[in-house]
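Visitor: Mind looking over this structure? Questions follow.
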Amino acid sequence: FGLWLLSGFSAGFACIMWWLLGRPRSPIHELARALQAREFVPFLQPLVASDSEQLVGAEVLMRWQHPDAGLIRPDLFIPQAEASGLIVPMTDLIMTEVGEVLAARQACLPDGFHISFNISAAHCRDDRLLRECRAFLARFTPGKVVLVLELTERDLLVADPHTLSLFRQLDALGVQLAMDDFGTGHSSLVYLQQFHVDMLKIDKSFIGRIGTESLSEHIVDNVIDLGGRLGLALVAEGIETRSQADYLKGKVTYLQGYLFGRPVPVRQFCDERLTGNSVSAIDAEGTLLAP
Ligand code: C2E
Ligand code: MG
Ligand code: MG
Ligand code: MG
């Protein structure tokens, strides 16, 4: 009996130790840990005017700087972050980081600099979004930045009274809405009407086939025509070649893609891209010195 009791105890002890130390962590648990450790970091990709190819803004793209796995692309963790609701505090984290870094260098930003964040559908029903946008804009002198929220039509956005009221308040703050990956979802045209979208981003799958497939060119031309009739700004994303840029020049408002720059960490973006004459007025900590 003694032996039986002892083996029972040791098996129980082993189970408890496994649960405490060796148990595989769930992806959600791992995301929550990473959020605490501030491992989600903002990368910025330049947005240029299509006519002059001058820098007019940037899109913020999230990366996971994992201690073991290195840099993780958003496609691999955003779906779980959305399912768990953690996407809301994660987005808040990168909005705060981008706001801090860019506001410290706002003397170097061209006026009306567009900064766009990708926002998940769940976030669009959450009043925290309004507070976060207000806090972001409050860091800048009026007119310095244009805050853009990118929504994808693959998300099922519901035009319920709560969401619509939130969007109206965002609009009153001057926040713009962009429809991302336009052409890849299902209810895009309804969205344009219901949510008072300001901007269309033509999906890179169409842009990538310019010059090689006339069907994609027809789709692009028709989206451009639609956007023009609706008075929307147009972004062509995923521009990789000079001939794609030339095809779109004068047709769309903005261009974005590897041809003009890959996404880089926010501080690197500032160092490389925001080098005006006022850069020297910033000390090593990034705080503005008196002129
Ligand atoms: P997206 O918002 O459509 O972002 C554009 C994606 O295209 C980015 O991929 C960008 O790195 C990539 N890209 C830009 N230029 C080119 C190009 O010339 N060629 C090619 N092949 N690709 C280009 P990334 O950073 O991997 O992001 C993928 C998607 O993850 C984003 O697509 C967006 O839907 C989502 N995402 C990224 N950051 C966030 C975020 O903070 N919140 C949410 N909710 N989603 C995010
Ligand atoms: Mg986007
Ligand atoms: Mg508006
Ligand atoms: Mg896109």
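For the sequence shown, the UniProt record's numbering begins at 234 and goes up steadily by one.
Glycine residues also receive a C-beta, built at the ideal position from the N, C-alpha and C atoms.
Taking Cβ positions, are Gln-278 and Glu-263 nearer each other than 8 Å?
Guide: In this structure, Glu-263 does not lie closer than 8 Å to Gln-278 by Cβ.
Visitor: Whose C-beta lies closer than 6 Å to the C-beta of Phe-502 among residues of the same chain, with five residues either side of it excluded?
Guide: If we look at Phe-502 and ignore the five residues flanking it on each side, its Cβ neighbours are Leu-277.
Visitor: Got a sec? Which residues, its chain only, sit under 7 Å from Arg-506 by beta carbon, not counting five neighbours each side?
Guide: Taken in chain order, the residues that qualify are Pro-279 and Leu-288.
Visitor: Kindly confirm or deny that the segment 377-390 and the segment 424-434 touch, where touching means at least three C-beta pairs closer than 8 Å.
Guide: A contact exists between the segment 377-390 and the segment 424-434.
Visitor: Quick one: is Asn-455 buried, meaning 16 or more other Cβ sit within 10 Å of its Cβ, or exposed?
Guide: Label assigned to Asn-455: exposed.
Visitor: In whole angstroms, give me the CA-to-CA distance for residue 565 and Pro-343.
Guide: For the chain, the structure presents residues 234 to 524; residue 565 sits outside this window and is missing.
Visitor: Specify which residues have a beta carbon nearer than 6 Å to any heavy atom of ligand 2, listing them in chain order.
Guide: Cβ atoms closer than 6 Å to ligand 2 belong to Glu-292, Asn-351, Glu-383 and Asp-413.
Visitor: Please classify Asp-360: is it buried, with 16 or more other beta-carbons within 10 angstroms of its beta-carbon, or exposed?
Guide: So Asp-360 ends up on the exposed side.
Visitor: Which residues mark the beginning and the end of the beta strand (DSSP E) in which Phe-350 is found?
Guide: Its beta strand (DSSP E) spans residues 346-351.
Visitor: Hey, how far is the Cα of Gln-409 from the Cα of His-451?
Guide: Near 27 Å, if we compare the C-alpha coordinates of His-451 and Gln-409.
Visitor: Would you check whether ligand 1 has a heavy atom nearer than 7 Å to the C-beta of Ala-432?
Guide: Looking at the sequence itself, residue 432 is Met, so the reference to Ala does not match. Met-432: no, Cβ never under 7 Å from ligand 1.
Visitor: When the distance is taken between beta carbons, is Val-468 closer than 8 Å to Ile-435?
Guide: In contact: Ile-435 and Val-468 (Cβ atoms closer than 8 Å).
Visitor: Pick out the complete beta strand (DSSP E) segments inside the segment 443-491, 3 residues or longer, and give them in chain order.
Guide: Runs of the beta strand (DSSP E) inside the segment 443-491: 466-470 and 487-489.
Visitor: Starting from Pro-343, trace the alpha helix (DSSP H) both ways and give me its first and last residue.
Guide: Premise fails: Pro-343 is in no alpha helix (DSSP H) and is neither H nor E.
Visitor: Can you say whether Trp-237 is buried or exposed, counting buried as having 16 or more other CB atoms within 10 angstroms of its CB?
Guide: Under this definition Trp-237 is an exposed residue.
Visitor: Touch check for the segment 306-324 and the segment 479-492: three-plus C-beta pairs under 8 Å?
Guide: No, the segment 306-324 does not touch the segment 479-492.
Visitor: Measuring only between beta-carbons, confirm whether Met-323 sits less than 8 Å from chain C.
Guide: Looking for chain C here will not work: only one protein chain is present.
Visitor: Quick check: does the Cβ of Asp-404 come within less than 7 Å of any heavy atom belonging to ligand 4?
Guide: Flag unset: Cβ of Asp-404 not near ligand 4.
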